[in-house]
């Protein structure tokens, strides 16, 4: 079978990867995407015949934890993704070029692969003061983002910053940090939230797009269904303790030592969509709940503004009152109860008087 | 309908399905409030294997079942509003567009503030009660049904009937955690309604000029005196 000079396969061979390892990689990718064995052939074919898709990776307001996570990917190894699979033509923190040279690479990629490259965005643009809170290469980041998005095929919003806003968009959000989908309105935006997202999830999303030339199936919030289709809670290994009613009530109590459910300690597993309880972290070593701490819900929208990480019934801000629903409810119900008692007392008193009055007048 | 009664004869107000619904619904609400509170603040089982217990599972199961009873009951009650007698419609349609209605509301407020000496007679709900039942119970329980099934849909999974029908509510309320908080607050809204409802019914039982509690048991509105 003839191979195309610009294909992934050709590049991999040039990197000294044997055909045998290449086929192994294709099988591994197929299974990590939960595809049947018949899809291995499709992946092989795509890798042999399709030109590499370049990826531009921009950094806005962020902490680079997404990049840190990405380069720790184990399946497929990030080095394979970076060096052979996709061409990360532009990534401020990973590429060798710097300064004008770097900006030139971006220009060139945009020209050469017009309408075909993927734009990966880590972090988000702040919009206040014309975007002056984040300057990259002498320009506000929001301008660079709009410019790079103009000719891309799709945008991947890496992490909670790009997907939801994350900590820099937490109340009162002084810089008006704004998630990518609210700035780039004319391109498909795939959200891969998490603070950071899981490395394997990140590489698998990119691999899927390169292999099948289409976006993965997205849920109503724009997240890939294969990784964000269920809550942490739905696949949590401590779920039996939840159903049994066996809960940790204090850090380091007997139940904590036994590894019971962290629901009462404010675990956000039941309200968080992510793959932590299945894919796990650091090559499948562990994830927060397995390490004895509740989920903080880092892949959910505005998770910084949802009250304490350690309460199950969290604070609400309603009509300027900051309290949890039970406190608000109890206080109001108590007030209504007192009102009822007072009203009842007056009613009884008055009723007696009328009755006596009636009897007198008879 | 909400205007003062003109007859001195007993009136058959609440038909059998309405009465049955009222009591089933009341039971469902109490069960929902208690189990709902426990879901937010669960009791703890200690010791033994997880497979020895299913306490929280049962609490949640009872909550979800009672939720179905509330929702299906309300649908049935809405159907009865279409085919039942004239009083069966009062629950859903307070006559806010009529001027006399608002005068009636005002009169009832004065009555509860002890500023008028004698209450009016009402065959169905008095205007203030009708308004309160609509705002607290009808809107409140609709909110609870919608948010409740939206949260239930998260457990059933994406694409389930509950997710497709009500899943849109969750992002609207600011995500799953916030939706839980609002659902929790809604419980207190209904608890407050129940407190006031029960108090006022018992009070009117003694103070008003008509039968109250027995009407929801046998359906007949009887009168204590024969003045208009």
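Residue numbers (the working numbering), protein chains in the order written: chain A, 41 to 402; chain B, 90 to 317.
Note that the Cβ used here is the ideal one computed from N, Cα and C, for glycine as well.
The model shown is predicted, which means the values in this text are computed figures rather than measured ones.
Between the Cα of residue 244 of chain B and those of B:100, B:215 and B:149, spot the shortest distance and give me the residue it belongs to. Residue numbering aside, residue 244 of chain B sits at position 155 when the second chain is read from its first letter. Looking at the Cα atoms, B:149 is the closest of the given residues.
Check whether the Cβ of residue 270 of chain B lies closer than 8 Å to any Cβ atom in chain A. Translated into the one-based positions of the second chain, residue 270 of chain B becomes position 181. Residue 270 of chain B counts as touching chain A.
Based on the DSSP secondary-structure assignment, which residues constitute the bridge partners of residue 309 of chain B? Taking the second chain and counting its residues from 1, one reaches residue 309 of chain B at position 220. Looking at the DSSP assignment, residue 309 of chain B forms a beta bridge with B:101.
Where the alpha helix (DSSP H) containing residue 216 of chain B begins and where it ends: The sequence position of residue 216 of chain B within the second chain is 127, counting from 1. From DSSP, the alpha helix (DSSP H) with residue 216 of chain B extends over 216-221.
Under a three-way DSSP split, which group does residue 298 of chain A fall into? If you number the first chain from 1, residue 298 of chain A lands on position 258. It is helical.
Near-chain B residues of the stretch 42-76 of chain A - C-beta to any C-beta below 7 Å: Within the stretch 42-76 of chain A, no residue qualifies.
Give me the chain B residues within the contact set of residue 397 of chain A, using Cβ-Cβ distance strictly less than 9 Å, ordered along the chain. Translated into the one-based positions of the first chain, residue 397 of chain A becomes position 357. Neighbours of residue 397 of chain A on chain B: none; closest Cβ ~10 Å, over 9 Å.
Under 8 Å, Cβ to Cβ, is there at least one residue of chain B near residue 260 of chain A? Start at 1 with the first residue of the first chain, and residue 260 of chain A comes out as number 220. Yes, residue 260 of chain A counts as interfacial toward chain B.
Select from the stretch 110-134 of chain B all residues with a C-beta closer than 8 Å to any C-beta belonging to chain A, and list them in chain order. 126, 129, 130, 131, 132, 133 and 134
Return the CA-CA distance between residue 172 of chain A and residue 166 of chain A, expressed in angstroms with no decimal places. Your numbering for residue 172 of chain A matches position 132 in the first chain. Your numbering for residue 166 of chain A matches position 126 in the first chain. If I take the Cα positions, the gap works out to 8 Å.
Is there contact here, the stretch 155-165 of chain B with the stretch 179-189 of chain B, by at least three beta-carbon pairs under 8 Å? no
Run through chain B and tell me which residues come within less than 8 Å of residue 380 of chain A, C-beta to C-beta. Walking along the first chain from the start, residue 380 of chain A turns up at place 340. Correct list: 284, 285 and 288.
Relative to the C-alpha of residue 339 of chain A, which candidate in A:360, A:113, A:254 and A:316 has its C-alpha closest? What you label residue 339 of chain A is simply residue 299 of the first chain in a count that begins at 1. Answer by Cα proximity: A:316.
Since residue 174 of chain A contacts residue 200 of chain A with CB under 8 Å, what's their CB separation in whole angstroms? In the first chain, counting from the first residue as 1, residue 174 of chain A sits at position 134. In the first chain, counting from the first residue as 1, residue 200 of chain A sits at position 160. Actually they are not in contact, since the Cβ atoms of residue 174 of chain A and residue 200 of chain A sit about 17 Å apart, beyond 8 Å.
Show which residues of chain B have a CB atom less than 9 Å away from the CB atom of residue 333 of chain A. Locating residue 333 of chain A in the first chain gives position 293, counting from the first residue. What residue 333 of chain A touches in chain B: nothing, since even the nearest Cβ is about 17 Å away.
Does chain A have any CB closer than 8 Å to the CB of residue 312 of chain B? Stepping through the second chain from its first residue, residue 312 of chain B is reached at position 223. Chain A contact via Cβ: absent.
For a contact meaning CB atoms closer than 7 Å, what does residue 145 of chain B contact in chain A? One-based indexing of the second chain puts residue 145 of chain B at position 56. Here the neighbours are 282, 283, 284 and 285.
Contact between the stretch 80-93 of chain A and the stretch 245-253 of chain A is defined here as three or more beta-carbon pairs at a separation below 8 Å; is this criterion met? yes
Residue 113 of chain A CB to nearest chain B CB: under 8 Å? Taking the first chain and counting its residues from 1, one reaches residue 113 of chain A at position 73. No, residue 113 of chain A lies away from the interface with chain B (no Cβ there is under 8 Å from its Cβ).
Taking only runs of the alpha helix (DSSP H) that begin and end inside the stretch 119-179 of chain B, which ones reach a length of at least 4 residues, in chain order? Listed in chain order, the complete alpha helix (DSSP H) runs (minimum 4 residues) inside the stretch 119-179 of chain B are 144-172.
So which of A:370, A:336, A:256 and A:110 has the shortest CA-CA distance to residue 229 of chain A? In the first chain, the residue the question calls residue 229 of chain A occupies position 189. Here the closest residue by C-alpha is A:256.
Against chain A, which members of the stretch 185-199 of chain B pass a CB distance test of less than 8 Å? If the cut-off is 8 Å between Cβ atoms, the stretch 185-199 of chain B has nothing near chain A.
Quick check: the stretch 75-91 of chain A against the stretch 142-151 of chain A, are there 3 or more CB pairs under 8 Å? no
May I have a chain-ordered list of the alpha helix (DSSP H) segments no shorter than 4 residues that lie completely inside the stretch 241-297 of chain B? 250-255, 258-261 and 265-296
Option nearest residue 368 of chain A by Cα separation, candidates B:101, B:247, B:278 and B:207: As a first step, residue 368 of chain A must be located in the first chain, where it is residue number 328. It is B:278 whose Cα lies nearest to the Cα of residue 368 of chain A.
Could you tell me which uninterrupted beta strand (DSSP E) segments, each at least 3 residues in length, are contained entirely in the stretch 230-294 of chain A, listed from first to last along the chain? Taking only runs of at least 3 residues, no beta strand (DSSP E) segment lies wholly in the stretch 230-294 of chain A.
Cα separation between residue 286 of chain A and residue 97 of chain A? For the purposes of this step, residue 286 of chain A is taken as residue 246 along the first chain, with counting starting at 1. For the purposes of this step, residue 97 of chain A is taken as residue 57 along the first chain, with counting starting at 1. The straight-line gap from Cα to Cα measures roughly 45 Å.
For the candidate residues A:177, A:168 and A:259, whose alpha-carbon lies nearest to that of residue 248 of chain B? Locating residue 248 of chain B in the second chain gives position 159, counting from the first residue. Nearest C-alpha to residue 248 of chain B: A:259.
Exposure of residue 205 of chain A, with buried meaning 16 or more beta-carbon neighbours within 10 Å: Residue mapping note: residue 205 of chain A aligns to position 165 of the first chain, counting from 1. Around the beta carbon of residue 205 of chain A, 16 or more other beta carbons lie within 10 angstroms, which makes this residue buried.
Count the C-beta pairs between the stretch 298-315 of chain A and the stretch 215-228 of chain A that are closer than 8 Å, then say yes if the count reaches three, no if not. no
Is the CB of residue 410 of chain A under 8 Å away from at least one CB in chain B? Any property of residue 410 of chain A remains undetermined from this structure, which presents chain A solely from 41 to 402.
Got a sec, what are the start and stop residues for the beta strand (DSSP E) residue 198 of chain A sits in? The sequence position of residue 198 of chain A within the first chain is 158, counting from 1. Where residue 198 of chain A is concerned, the enclosing beta strand (DSSP E) stretches over 194-198.
Using beta carbons (cut-off 8 Å, strictly below), is residue 292 of chain B in contact with chain A? Position 203 of the second chain, counting from 1, holds the residue named residue 292 of chain B. Output row for residue 292 of chain B: interface = yes.
Cβ contact check for the stretch 309-324 of chain A and the stretch 274-286 of chain A: 3 or more pairs under 8 Å: Remark: three or more beta-carbon pairs, one from each stretch, lie closer than 8 Å, so the stretch 309-324 of chain A and the stretch 274-286 of chain A are flagged as touching.
Let's test the definition: count the other Cβ atoms within 10 Å of the Cβ of residue 303 of chain B and tell me whether it reaches 16, buried, or not, exposed. Here residue 303 of chain B refers to the residue found at position 214 of the second chain. Burial call: exposed.
Taking the C-alpha atoms as reference points, what is the distance between residue 104 of chain A and residue 162 of chain A? Taking the first residue of the first chain as position 1, residue 104 of chain A is located at position 64. Taking the first residue of the first chain as position 1, residue 162 of chain A is located at position 122. Roughly 8 Å between the two C-alpha positions.
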